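In order, the protein sequence lines correspond to chains A and B.
Here the first sequence is numbered in our numbering, starting from 1 and rising by one per residue.
Here the second sequence is numbered in our numbering, starting from 139 and rising by one per residue.
For every residue, glycine included, the Cβ atom is placed at its ideal position computed from N, Cα and C.
In this text, all values refer to a predicted model and were calculated from it rather than measured experimentally.
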Amino acid sequence: MEEEQEKALSLVLFSGTDDKLNAAAVLTVGAAAMGRPVNLFLQYYALDAFRTGKVCADHALSPEATAEQAPVVRAHPGQHWSELLKQAKDVGEVNIQACALSMDMFHLKQADLDPLVDGIEGVAAFMASAGDGQVVFI
Amino acid sequence: MSTVAIDKTIDARGMACPGPLMNLIGAIRQGQVGQVFEVLSSDEGSKTDIPAWIAKAKQELLETRQDDGYAHFIVRKAR
Numbered sequence: 001m002e003e004e005q006e007k008a009l010s011l012v013l014f015s016g017t018d019d020k021l022n023a024a025a026v027l028t029v030g031a032a033a034m035g036r037p038v039n040l041f042l043q044y045y046a047l048d049a050f051r052t053g054k055v056c057a058d059h060a061l062s063p064e065a066t067a068e069q070a071p072v073v074r075a076h077p078g079q080h081w082s083e084l085l086k087q088a089k090d091v092g093e094v095n096i097q098a099c100a101l102s103m104d105m106f107h108l109k110q111a112d113l114d115p116l117v118d119g120i121e122g123v124a125a126f127m128a129s130a131g132d133g134q135v136v137f138i
Numbered sequence: 139m140s141t142v143a144i145d146k147t148i149d150a151r152g153m154a155c156p157g158p159l160m161n162l163i164g165a166i167r168q169g170q171v172g173q174v175f176e177v178l179s180s181d182e183g184s185k186t187d188i189p190a191w192i193a194k195a196k197q198e199l200l201e202t203r204q205d206d207g208y209a210h211f212i213v214r215k216a217r
């Protein structure tokens, strides 16, 4: 539906807690819906959350969630981050890559990852995809 | 009440942001040009998101109307 090529939005997902993954997935689906290509680069704890069979596990909340906030966040009826990412891929151009260094650190192979992950790449390849668009670290 | 004939109503009340918008996008993609869709949404984000997406995707927002606890967005698939 879009004529002009929009600048890519590139998100580095570092944190593996459900709240941060959800916030990142909301940004992804919004950018994809508005016609921006989105690159996700999965590092450290975020990569761990994308392991086969672990996507829907409880990944806890960020340390900044207080005892009062945590139950409110957990009870919110929003969609799971993995569902939002599927929708983002459906409406737009979303490329999810695992960081090669983190794969090596945790002794992971592509077969260990959920099919949402499109491939494995190094940081230079990610930066090449990001081009002159924004890079956001979450 | 709206005077436009509605082809399909998408009841997204109770869905969190960006659920109603995503349901509208799905319906527009599957629909025919000229069809009119009505989205019912109780999500506050829809009030900014749905018009922003419609402008970007060059669709046509015919009407927005606030009801008790939710809004109606009436959209024609323009392309």
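- Beta-bridge pairing by DSSP links A:PHE41 to A:VAL12 and A:GLN97.
- Residues of chain B whose Cβ lies closer than 7 Å to the Cβ of A:VAL26 are, in chain order, PRO156.
- By the Cβ test, the region 8-18 of chain A is not in contact with the region 162-172 of chain B, since fewer than three Cβ pairs between them sit closer than 8 Å.
- For B:ARG151, no Cβ of chain A is located within less than 9 Å of the residue's own Cβ.
- Around B:ILE188, no beta-carbon contact reaches into chain A at under 7 Å, the shortest distance being about 11 Å.
- Straight across, the Cα-Cα distance linking B:ILE212 with B:LEU199 is about 6 Å.
- Using a Cβ-Cβ cut-off of 9 Å, A:PRO77 counts as an interface residue toward chain B, since at least one Cβ of chain B sits closer than that to its own.
- Taking the Cβ atoms as the reference, A:LEU116 lies roughly 10 Å from A:ALA98, outside the contact range of under 8 Å.
- DSSP lists B:ALA209 as the bridge partner or partners of B:SER179.
- Note on geometry: alpha-carbon atoms of A:TYR45 and A:HIS107 lie some 13 Å from one another.
- Around the Cβ of A:ALA124, a 10 Å sphere holds fewer than 16 other Cβ atoms; the residue is exposed.
- A:GLY78 is a Cβ neighbour of B:ALA154, given a cutoff of 9 Å.
- When C-beta distances to chain B are compared with 8 Å, the residues of the region 27-49 of chain A below that value are VAL29, GLY30, ALA33, MET34 and GLY35, in chain order.
- Of B:GLY152, B:GLY157, B:GLU201 and B:ASP181, the smallest CA-CA separation from B:ILE144 is found for B:GLU201.
- Look at B:LYS146 here: in three-state DSSP terms it is strand.
- Under the three-state reduction of DSSP output, A:ARG74 falls in the helix class.
- Within the region 85-98 of chain A, contact with chain B at the beta-carbon level (separation under 7 Å) is assigned to GLN87 and VAL91.
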